[in-house]
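There are 2 protein chains.
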Amino acid sequence: MTEPPNAVIDRMMLILGAFDTDRVLSVSELARRTGLAKSTVHRMAGTLLEHGVLERSGVRFTLGLRLFELGERVPRKLGLREAALPYMADLRAATRQTVHLAVLDGTDVVYLEIFRNPEAPPLPSRTGGRLPAHATGVGKAMLAFSPQRVLDEVLRRGLRRVAERTITDPAMLTRQLRTVRANGVANEYEESGAGIVCAASPILNIDQTVAGAISVSGLSGRLDLRRMTPAVRTAALAISRTLGART
Amino acid sequence: MTEPPNAVIDRMMLILGAFDTDRVLSVSELARRTGLAKSTVHRMAGTLLEHGVLERSGVRFTLGLRLFELGERVPRKLGLREAALPYMADLRAATRQTVHLAVLDGTDVVYLEIFRNPEAPPLPSRTGGRLPAHATGVGKAMLAFSPQRVLDEVLRRGLRRVAERTITDPAMLTRQLRTVRANGVANEYEESGAGIVCAASPILNIDQTVAGAISVSGLSGRLDLRRMTPAVRTAALAISRTLGART
DNA sequence: GGGGTGTGTGCCACTGAGTGGAACACTTCA
DNA sequence: TGAAGTGTTCCACTCAGTGGCACACACCCC
Numbered sequence: 001m002t003e004p005p006n007a008v009i010d011r012m013m014l015i016l017g018a019f020d021t022d023r024v025l026s027v028s029e030l031a032r033r034t035g036l037a038k039s040t041v042h043r044m045a046g047t048l049l050e051h052g053v054l055e056r057s058g059v060r061f062t063l064g065l066r067l068f069e070l071g072e073r074v075p076r077k078l079g080l081r082e083a084a085l086p087y088m089a090d091l092r093a094a095t096r097q098t099v100h101l102a103v104l105d106g107t108d109v110v111y112l113e114i115f116r117n118p119e120a121p122p123l124p125s126r127t128g129g130r131l132p133a134h135a136t137g138v139g140k141a142m143l144a145f146s147p148q149r150v151l152d153e154v155l156r157r158g159l160r161r162v163a164e165r166t167i168t169d170p171a172m173l174t175r176q177l178r179t180v181r182a183n184g185v186a187n188e189y190e191e192s193g194a195g196i197v198c199a200a201s202p203i204l205n206i207d208q209t210v211a212g213a214i215s216v217s218g219l220s221g222r223l224d225l226r227r228m229t230p231a232v233r234t235a236a237l238a239i240s241r242t243l244g245a246r247t
Numbered sequence: 248m249t250e251p252p253n254a255v256i257d258r259m260m261l262i263l264g265a266f267d268t269d270r271v272l273s274v275s276e277l278a279r280r281t282g283l284a285k286s287t288v289h290r291m292a293g294t295l296l297e298h299g300v301l302e303r304s305g306v307r308f309t310l311g312l313r314l315f316e317l318g319e320r321v322p323r324k325l326g327l328r329e330a331a332l333p334y335m336a337d338l339r340a341a342t343r344q345t346v347h348l349a350v351l352d353g354t355d356v357v358y359l360e361i362f363r364n365p366e367a368p369p370l371p372s373r374t375g376g377r378l379p380a381h382a383t384g385v386g387k388a389m390l391a392f393s394p395q396r397v398l399d400e401v402l403r404r405g406l407r408r409v410a411e412r413t414i415t416d417p418a419m420l421t422r423q424l425r426t427v428r429a430n431g432v433a434n435e436y437e438e439s440g441a442g443i444v445c446a447a448s449p450i451l452n453i454d455q456t457v458a459g460a461i462s463v464s465g466l467s468g469r470l471d472l473r474r475m476t477p478a479v480r481t482a483a484l485a486i487s488r489t490l491g492a493r494t
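Here the protein sequences come in this chain order: A and B.
In case it helps, my numbering puts the first sequence at residues 1 to 247.
In case it helps, my numbering puts the second sequence at residues 248 to 494.
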């Protein structure tokens, strides 16, 4: 319809995307995963190398520092993270659990920052990690306060199951989002991973659009969600406030 | 000599690089800064948009979340940062100053992580920021322990002045690096910015190659470098040790 | 009003840059 | 000794990307 897009950039993103699973890949492996000709990968990797987008690791390749450099300049991250940082520290200190900061990207959630607690059990989430919005606490918190077309898109794509208890029923999701919208807090019970529960609350811009969300997560046995709710909600409101103040 | 490289990727990196100074740019501004035709920028920005490498901000453009996502997967960052984090926290607590973690990228230094102290004065350094190695404490610490050809390349490119007291004399730099190599610590006196001093120490891999460097920085009046030296050195050695242990 | 000058967007003939098959040099393993 | 993997190089073909041009707006000032 709208295409034809730029094929070279498509191919390049295919190559970079191949590093989703493994951190270091050879030319042949890249060619196999991307479906590109080996010579194409070879040549392309060469120029990406010159730009620091890729780096050599022996004879194989790795994502390069230039990507990190560019990634640190992304505005969506910068403002929100800066505003949230002190409150995330407070929240971790108060709850002694893991604190997450995330934004919505299309129908996915991307984690901007994670404050872990040495005392708390390690969780599998990673900074820069991506999960379907409907399967996470922060995702549901943001969806509940997003325009209808965002939810439509989520439903259109289908509620992919990522854990045993992921919500896959559209009616169930819509119902939950209604109560989330009323309470300002979303709970998650092992929907993104086994044993993990969390309470999340949205961060709003001055114009009431969604900027992101924070959450407190822990293991289902050890964490009493109801006790976390007010703290998460309070922190989210505080971040929203400082976000508005600095405009 | 070795080229011809891929022109499309070159142009794309030109566009992304244009966001060095400003965070949000229009098609016309991009065309002007990159020297590309407006139609080329327009089309290219469109496909970058589809990949999330760029995002819209009204009618203008911004670096996109996908870059952040990819940047967080860069191996050079991942391992070192993880190993260094706890020691950086200790160092900040012990010195009540700003702690930096950096790696060497060509002849530049790139900051991987910065631990600021609310009590300490804010410094201009930024995560993902880039500075010439010869102009910074962490840079000198790493150069002193790098193979000769790295220093050769630094000298070949010329010692660019970034602050009033930046070292621009090759002989002076070489002399300093010799004592750095002997002491395991590099000092910086307002060479990267006015009023800023720092003590830095290199982090080495098991094979004695340079992995990165950490530093303690502060304002020249308030910070006694000599008192910082042992702490920085100790932390750097500790990080080197845990880095080696996890191989 | 009009007529600057700034946007963003769309079109399309031209051509040279990117493609990928094939061939090569090396290792590794059997 | 060969088979199967790797990375690298070459090069004729052609199709994808280019950028000049033109258009649709939105300003602001005379």
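For every residue, glycine included, the Cβ atom is placed at its ideal position computed from N, Cα and C.
Close to chain A, meaning a Cβ-Cβ distance shorter than 7 Å, are the following residues of the stretch 312-333 of chain B: Leu312, Leu314, Phe315, Glu316, Leu317, Gly318, Glu319, Arg320, Val321, Pro322, Arg323 and Lys324. Bounds of the alpha helix (DSSP H) holding A/Leu14 are Ala7 to Gly17.
Between the stretch 209-218 of chain A and the stretch 121-139 of chain A, the count of Cβ pairs shorter than 8 Å is three or higher; the stretches touch.
Counting along the chain, A/Ser240 sits inside the alpha helix (DSSP H) bounded by residues Leu225 to Ala245. Fewer than three pairs of CB atoms, one per stretch, sit closer than 8 Å, so the stretch 77-90 of chain A makes no contact with the stretch 330-347 of chain B. In this structure, A/Leu80 sits near A/Val103, with a CB-CB distance shorter than 9 Å. In the DSSP assignment, A/Thr62 falls outside any alpha helix (DSSP H) and within the unbroken beta strand (DSSP E) covering Arg60 to Leu63. Non-local beta-carbon contacts of B/Pro477 in its own chain, meaning distances under 7 Å to residues more than five positions away in sequence, are absent.
For B/Ala446, the closest C-alpha among the options B/Ile453, B/Glu435, B/Gly440 and B/Asp454 is that of B/Glu435. Annotation for A/Ser28: the continuous alpha helix (DSSP H) segment containing it runs Val27 to Thr34. Scanning B/Leu490, B/Tyr358 and B/Ile443 for the CA closest to the CA of B/Ala367 turns up B/Ile443.
DSSP places B/Val409 in the coil class of the three-state scheme, outside both helix and strand. Close partners of A/Val210 in chain B (Cβ separation under 8 Å) are lacking, with about 14 Å as the shortest Cβ gap. Annotation for A/Thr242: Ala83 place their beta carbon closer than 6 Å to its own, counting only its chain and skipping 5 residues before and after.
Counting along the chain, no beta strand (DSSP E) covers A/Val53, and no H or E run does either.
A direct Cα-Cα distance of roughly 29 Å separates A/Arg233 from B/Thr374.
Looking at the backbone, the Cα of A/His100 and that of B/Leu402 are separated by about 44 Å. Restricting attention to beta strand (DSSP E) runs no shorter than 3 residues, the stretch 125-190 of chain A encloses them at 130-132 and 186-189, ordered along the chain. Residue pairing by DSSP places A/Phe115 opposite A/Val99 in a beta bridge. By the rule that beta-carbons nearer than 9 Å mark a contact, A/Asn6 touches chain B.
Under DSSP, A/Pro202 shares a beta bridge with A/Ala213. Put simply, the CB of A/Met13 is near chain B, with a gap under 9 Å to one of its CB atoms. Classified as buried, A/Ala141 has 16 or more neighbouring CB atoms from the shown chains inside 10 Å of its CB.
The beta-carbon distance between B/Arg377 and B/Pro369, rounded to whole angstroms, is 19 Å. This is too long to meet the 8 Å contact definition.
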